Structures are given as structure tokens and as C-alpha cells.
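A.B. asks: Would you mind keeping the following structure in view while I ask a few things?
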Amino acid sequence: MEIADKWINKGYPKTIVLRIVGISRSTYYYQKSYRVEEKTVSEGRPAPGFSIKTDGTKVFDDQIKEWLLQLIEHEGTAYGYHKLTMALRRYFDLTINKKKVYRLCKELGILRPQREKKTYYPRKLAKTIRLPTPINCGKQT
1 MEIADKWINK
11 GYPKTIVLRI
21 VGISRSTYYY
31 QKSYRVEEKT
41 VSEGRPAPGF
51 SIKTDGTKVF
61 DDQIKEWLLQ
71 LIEHEGTAYG
81 YHKLTMALRR
91 YFDLTINKKK
101 VYRLCKELGI
111 LRPQREKKTY
121 YPRKLAKTIR
131 LPTPINCGKQ
141 T
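Below is the structure:
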């Protein structure tokens, strides 16, 4: 495919180049339309870099990261990002979403490990099968 593109870009006719390379035109155009190019810009809206307190003042993400580290520095606390969100709202009067706290925790590397679900094996009793005639268990009649 790259060879064909190289010669086509030099100005040679597509039909002749594709015939020599051994690729049908439909395959060439199909592959050309579905080429994946590497993304240089992340998708979505960029993060604003600040949050707003309840009184209307801006608090930048660096300050929020300091507060997050302050909240988890005690040894006995087991905070996930949900609890950290509630603590930021309660103690620092911050209007913040849990998804933003998750992103900041991920940047800081302080996310708690996810617990693995145990697989549940239901206990089933063997079914009793009713036969129309009794089974002859080795007895000769």
C-alpha cells in the first residue's frame, strides 16, 4: 500500500500503479479511507485548571492537589476519590465534581487499588429425575 502511494504521489496513473502492485482499486480506496493516523491532541474539552469555592473565589488545581495530599497524609485514613470529594466539599467549601477529583488523584498517583470481585458459585442441588419405569439394579427377574 505504501509502495503504491509513493508512486501515485510522484504522478503516475493510479490504475497502472495498482495493476503493477497487484491491488484492486476498491481495496486501495477502502484501505485509504480507513487508515488510522495517530492523534496528537486529546479528545474532549480541556480541563479548566481551577475550581470555584462556594463564595465565588477561584482555587487552582495545584492548591487542590495540596489539599488532597493533606487529607490522605494520615496513616489510618482510607480515602477513595468519592470520600476525598466529600471532604473537599465539606472542609474547604469547594464546588467540585468527583470526576475531577478522580483525574487529580490519578495525576498524583494516589488512587486506591480497586478491589477484585469474588466469583460467586451458586450451590445447586442435583435434580431428582422421575422415571416412568424402575431401573433394574443388577437384579434378575
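Per the numbering used here: the sequence shown = residues 1 to 141. No residue lacks a Cβ here, since even glycine has one placed at the ideal position from N, Cα and C. No experiment lies behind these values; they were computed from the predicted model shown.
For chain B, is any of its Cβ atoms less than 9 Å away from the one on D93?
C.D. replies: Looking for chain B here will not work: only one protein chain is present.
A.B. asks: Just to confirm the assignment, what range does the alpha helix (DSSP H) spanning S26 have?
C.D. replies: Residues 25-33.
A.B. asks: Quick check: the stretch 46-56 against the stretch 83-102, are at least 3 beta-carbon pairs closer than 8 Å?
C.D. replies: Output reads yes: the stretch 46-56 touches the stretch 83-102.
A.B. asks: Between which two residues does the alpha helix (DSSP H) carrying I52 extend?
C.D. replies: Where I52 is concerned, there is no enclosing alpha helix (DSSP H), although the beta strand (DSSP E) it sits in stretches over 50-53.
A.B. asks: Taking V101 and L111 to be in contact with their CB atoms under 8 Å, please state how far apart those CB atoms are, rounded to whole angstroms.
C.D. replies: With a Cβ gap of about 10 Å, V101 and L111 do not count as contacting.
A.B. asks: Give the straight-line distance between the Cα atoms of R45 and Y12, rounded to the nearest whole angstrom.
C.D. replies: So the alpha carbons of these two residues sit roughly 43 Å apart.
A.B. asks: Return the chain-ordered list of same chain residues with a C-beta closer than 7 Å to the C-beta of I3, the five sequence neighbours on each side being excluded.
C.D. replies: Cβ neighbours of I3 beyond the five flanking positions: V21.
A.B. asks: Once DSSP output is grouped into helix, strand and coil, what is the label at T95?
C.D. replies: Three-state DSSP puts T95 in a strand.
A.B. asks: If you run the structure through DSSP and keep just helix, strand and coil, what is K118?
C.D. replies: In this structure, K118 counts as coil in the three-state DSSP scheme.
A.B. asks: Taking the Cβ atom as the reference point for each residue, do L108 and L69 lie within a distance shorter than 9 Å?
C.D. replies: Yes, they are a contact pair.
A.B. asks: Alpha helix (DSSP H) containing K6: first to last residue?
C.D. replies: Where K6 is concerned, the enclosing alpha helix (DSSP H) stretches over 2-9.
A.B. asks: Can you tell me where the beta strand (DSSP E) with K58 in it begins and where it stops?
C.D. replies: Run containing K58: 58-60, per the beta strand (DSSP E) assignment.
A.B. asks: With a threshold of 16 other CB atoms inside 10 Å of the CB of I64, please say whether the residue is buried or exposed.
C.D. replies: Flag for I64 reads buried.
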